[in-house]
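Protein chains in written order, with the working numbering: chain A, 1407 to 1961; chain B, 396 to 870. All C-beta atoms, glycine included, are put in the ideal place defined by N, C-alpha and C. Computed from a prediction, not measured in an experiment: that's the story for all the values here. Notes for the one structure printed next.
This is how it looks when you write it as structure tokens:
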């Protein structure tokens, strides 16, 4: 039980926190939209220091964050037009890129992290230089001289640093590179010098949000910073060189930002990033990219693409779609009829208990194998998908042990009813919020296949309904999806999660007051348009997104 | 020439001979020119769970759990039980391996104690039991023993500090339990490397050239790398921070790391010059090893041996002398099936302490022993002076917990316990006896680490809040 419990804890610690929106934004942003109101009694005071509400005295804001390995990898691929590069083999495995956004130890500039950055820089640059044809195309110069290197440095440097390079900062690097070239009589040694320098530079390794004004409380992001923030939010990497070159000297207007967001959504990488977001939220980010797992990812990504990108349907269709995109192999696993043709096709769900993403093996397995675990599944749904709260287990409970009874003939559901869901037991208070939900999914194993009885135990038939507290009962993924949509909880939680994904930070309880009014606004808007893309756009264009919102101290 | 190809090209032409005889005094115990002692090495290794299971065997009565691991006899020629049996694979190795049993972290709410018992607040077993040993308590602002030792014996930090994990991912343990073990005095664990390729790059990217041409080329390549870092250090990077004080602090921290890398490159350049490394050989560069966290096992058995080879060779070549190697993370969720035959398909190591029969726990500890003794034996096979490298080393294997009173509940014979702990030391550096079983007499396990540090030449008697060594370990 602890296995998924702790994964979910790491995944979802943020979910216990209300995540709302700043209402001091109008204080700072001249072109703020009129529908974002300030709920503080003082109201906006143009030009004054921002108000964060009572009890909020200190703001140890982080003005920078290290790139995550995924962002680092994406930056390299996009800058050098590669499909892959060696960085992910070298950078430390990022175990906490799950709504935690490096807020723990990985924020520190530690020696091993920098060792890895250096190793990665050397390996990546060796790799780039080994792609001679592509490199020469990118260099695009007849004579390999300082001017050629200068142009190349300006080009790749601005993309890696997400800003223009000044002559003043380029000059010493070019001097060094030219000296290395004369040492070795090899132009590519100079290219290597420039690239290694760039990949070790803090403007590349850190995402900086220093803003226009240095303040200990809050400040408006510069255009460069805002563009990078939106870019990482939507496409998971930095902006293109042409976008950087087009950054205006005046603050972006809403119309300009709207165009930028639309451009990002046209980018294929927006689909990858949307998939990555849903992977974190639905808990399938642990499902791999090879073999059968790749098939599972293909199925889920196809659903997201269809609902969100191809048709811009209401987001709830992700949960309610009656079709799925599978090949024969997955159809066999799911026990769904398939015409036997090769490749993936959209097929209708035959079993009325199936609908949408809840019926996918990505979600049902959560990247785990073996027998299902009611508590794990229920915990994940309650905490992650519904942004619910569940107390930490008592210290003397060994959560790994799972539940058992003295009778070896008890079926799994009997065991749960006698233990976790025994109303007179001490476990009931918390487990009724989790295991009761998962009961409704028990007809589907971790491979996503329907089963009428416990695997390997025909005598243990599964005929239980699941219960969603204060909403109703259900059977199967379809029933859960319908109830989730009916309750509105999952949509509210979506807004919180997308906000966190955009801001790349957790929002602490003590910050609730700062975010309430704008969160309510987003909720109202989403209730009308139901579109994931519009939700992302609303956030990206909101006044608060133009601000650096300092984090409250950890609680 | 590409760096990787350069290393590959020279690797096969080299032989192992870390320190040449002509460099030593007539007794082979010290350098001839300086008269200084031969270099000492310390590696602190970790087994990520306790020694006992709190559940009965399904096949019979609950065994005398603690006695499944700990030898019955004290002194030399101690009896070797199943979990320690892998040392028997190597002739004569037991003479180097000492067992310290009956160690204990005291209970209480002070910085050097652990667990408050029923409502106490000091320490959480899985997050803190390992740290408490390496840091000498749980106080803030403490530097771990491995880092202190390097600061003392290698003040210029010319050598590479190893901070490695065998386990390829945390596999669902909480972040607290899988984050870095080794730490500076900021009180933050430092993330460890888990990728063998990254370790190779860290240890051997400087290569080990064998002829003057290669040495010259290698020195130039390293110098170029260093000049880039130097430029980053000297350039006006502080401008990135603008007027922001906090950004300025981040930049200073960044520059500190750049300077550390520069120092490391300087050390590599020095070593290229040093005659003793001319005949060392970089091990074969590890192949890319993919990691699927969902599998909860990513060839850790193979990884451990690859990492051991790199550690042993880095020590033979004097590239590194200090480090930590977590074989398994705290509260380890590594899948057991690929390691212990008969383990249920989905069971993990942590589960074995709470859920399954003791034989699985023994099997998993035996694997840790395989890794521990494999490294010890590699060092034993490397001649140095009149003996071998293990004669000048102290390799320590700790465990997360022992078996006894649960720190939270007070229940007996539990794995969440910091009493009846057992720590192993391989090597004979600094008059360590080796080959004995001693009663730890409920001393704090940190005293074993202090003993290893002293054996390596440290002048310190204290680590964190713990003072003193275990004199019985020394001859």
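Under 8 Å between C-beta atoms, does residue 1684 of chain A make it to chain B? It does not: the Cβ of residue 1684 of chain A has no partner Cβ on chain B nearer than 8 Å.
Just to confirm, are residue 792 of chain B and residue 440 of chain B a CB contact at a threshold of 8 Å? In contact: residue 792 of chain B and residue 440 of chain B (Cβ atoms closer than 8 Å).
Assess contact between the region 1845–1859 of chain A and the region 1756–1773 of chain A, defined as three or more Cβ pairs (one per stretch) separated by less than 8 Å. Is contact present? Touching, yes, given that three or more Cβ pairs across the two stretches are closer than 8 Å.
Separation of residue 546 of chain B from residue 1664 of chain A, as counted between CA atoms: Residue 1664 of chain A and residue 546 of chain B: Cα-Cα distance of roughly 54 Å.
For the pair the region 841–861 of chain B and the region 464–478 of chain B, tell me if three or more CB-CB distances fall below 8 Å. Because the criterion of three Cβ pairs below 8 Å is not met, the region 841–861 of chain B and the region 464–478 of chain B do not touch.
Short CB-CB distance (under 8 Å) between residue 1525 of chain A and chain B: It does; some Cβ of chain B falls within 8 Å.
Any chain B beta carbon closer than 8 Å to residue 1941 of chain A: Taking 8 Å as the threshold, the shortest C-beta distance from residue 1941 of chain A to chain B does not fall below it.
I'd like the ranges of any alpha helix (DSSP H) spanning at least 4 consecutive residues and lying wholly in the region 1631–1703 of chain A. List check, alpha helix (DSSP H) in window: 1647–1651, 1660–1672 and 1674–1688.
By how many angstroms is the C-alpha of residue 1743 of chain A removed from the C-alpha of residue 1735 of chain A? CA-CA distance, residue 1735 of chain A to residue 1743 of chain A, rounds to 11 Å.
Between residue 631 of chain B and the rest of its own chain, which residues show a CB-CB distance below 6 Å, the 5 nearest in sequence each way excluded? Excluding positions up to five away in sequence, the list is empty.
Restricting to runs no shorter than 3 residues, where is the beta strand (DSSP E) found entirely within the region 537–567 of chain B? Scanning the region 537–567 of chain B from its first residue to its last, the whole beta strand (DSSP E) runs of 3-plus residues come out as 556–560.
DSSP three-state assignment for residue 1864 of chain A, whether helix, strand or coil: In the structure shown, residue 1864 of chain A sits in a strand (DSSP, three-state: E or B).
For chain B, check one thing: does any of its Cβ atoms lie closer than 8 Å to the Cβ of residue 1519 of chain A? For residue 1519 of chain A, the nearest beta carbon of chain B is closer than 8 Å to its own beta carbon.
Name, going along the chain, the residues of the region 544–566 of chain B whose beta-carbon falls closer than 8 Å to a beta-carbon of chain A. Within the region 544–566 of chain B, the residues whose Cβ lies closer than 8 Å to some Cβ of chain A are 556, 558, 563, 564 and 565, listed in chain order.
On the criterion of 16 or more Cβ atoms from any shown chain inside 10 Å, does residue 837 of chain B qualify as buried, or is it exposed? Result: exposed.
Against chain B, with Cβ distances strictly below 8 Å, would residue 1951 of chain A count as a contact? Taking Cβ atoms only, chain B never reaches closer than 8 Å to residue 1951 of chain A, which makes this a no.
Report, in whole angstroms, the separation of the C-beta atoms of residue 1822 of chain A and residue 1788 of chain A, which I expect to be a contact under 8 Å. About 16 Å; that fails the 8 Å criterion.
Among B:794, B:724 and B:718, nearest to residue 691 of chain B - alpha-carbon criterion: Checked all of B:794, B:724 and B:718; the closest Cα to residue 691 of chain B is B:724.
To test your reading of the DSSP string, which unbroken beta strand (DSSP E) runs of 3 or more residues are found completely within the region 1506–1589 of chain A? Runs found: none.
By the three-class DSSP mapping on this structure, what secondary structure does residue 836 of chain B have? Looking at residue 836 of chain B - three-state DSSP - the assignment turns out to be coil, as it is neither helix nor strand.
Backbone CA spacing between residue 1644 of chain A and residue 626 of chain B [nearest angstrom]: Between the C-alpha atoms of residue 1644 of chain A and residue 626 of chain B there is a straight-line separation of about 25 Å.
For the region 588–600 of chain B, which residues have a beta carbon sitting closer than 8 Å to at least one beta carbon of chain A? For the region 588–600 of chain B, which is checked against every Cβ of chain A, the residues closer than 8 Å are 588, 589, 590, 592, 593, 596, 597 and 600.
Which of helix, strand or coil DSSP assigns to residue 1792 of chain A: Here residue 1792 of chain A sits in coil by DSSP.
Check residue 719 of chain B in the structure and name its three-state DSSP category. It is a strand residue.
Entirely within the region 1466–1494 of chain A and at least 3 residues each: give me those beta strand (DSSP E) ranges in chain order. With a minimum length of 3 residues, the continuous beta strand (DSSP E) runs that stay inside the region 1466–1494 of chain A are 1470–1472.
Taking 8 Å as the CB-CB cut-off, is residue 740 of chain B touching chain A? Under the 8 Å criterion on CB atoms, residue 740 of chain B is classed as interfacial with respect to chain A.
In terms of DSSP beta bridges, what is residue 779 of chain B paired with? Residue pairing by DSSP puts residue 779 of chain B in a beta bridge opposite B:782.
Give the residues of chain B in contact with residue 1496 of chain A, contact being defined as C-beta atoms less than 8 Å apart. Taking the beta carbon of residue 1496 of chain A as reference, the chain B residues within 8 Å of it are 590, 592, 593 and 596, listed in sequence order.
Contact list for residue 1603 of chain A against chain B, beta-carbon separation under 8 Å: Identification of chain B residues near residue 1603 of chain A by a Cβ-Cβ cut-off of 8 Å yields 623, 626 and 627, ordered along the chain.
Check whether the Cβ atoms of residue 2021 of chain A and residue 1534 of chain A lie closer than 8 Å to each other. What the structure shows of chain A is the stretch from 1407 to 1961, and residue 2021 of chain A is not part of that stretch, so it cannot be assessed.
Count the other C-beta atoms from every protein chain shown that fall within 10 angstroms of the C-beta of residue 1361 of chain A, then say buried if there are 16 or more, exposed otherwise. Because chain A in this structure spans residues 1407 to 1961, residue 1361 of chain A falls outside the shown range and cannot be described.
Measure the C-alpha to C-alpha separation of residue 731 of chain B and residue 761 of chain B and round it to an integer number of angstroms. Computed Cα separation, rounded: 12 Å.
Return no unless some Cβ of chain A is closer than 8 Å to the Cβ of residue 744 of chain B. Not closer than 8 Å to any Cβ of chain A, the Cβ of residue 744 of chain B fails to qualify, so no.
Output needed for residue 620 of chain B: all residues of its chain with C-beta closer than 8 Å, excluding positions within five of it in sequence on either side, in chain order. Excluding residues within five positions, the ones whose Cβ falls inside 8 Å are 660.
Work out the CA separation of residue 1477 of chain A and residue 635 of chain B for me, nearest whole Å. Going by the C-alpha atoms only, they are around 20 Å apart.
Kindly confirm or deny that the region 1671–1682 of chain A and the region 1748–1764 of chain A touch, where touching means at least three C-beta pairs closer than 8 Å. No, they do not touch.
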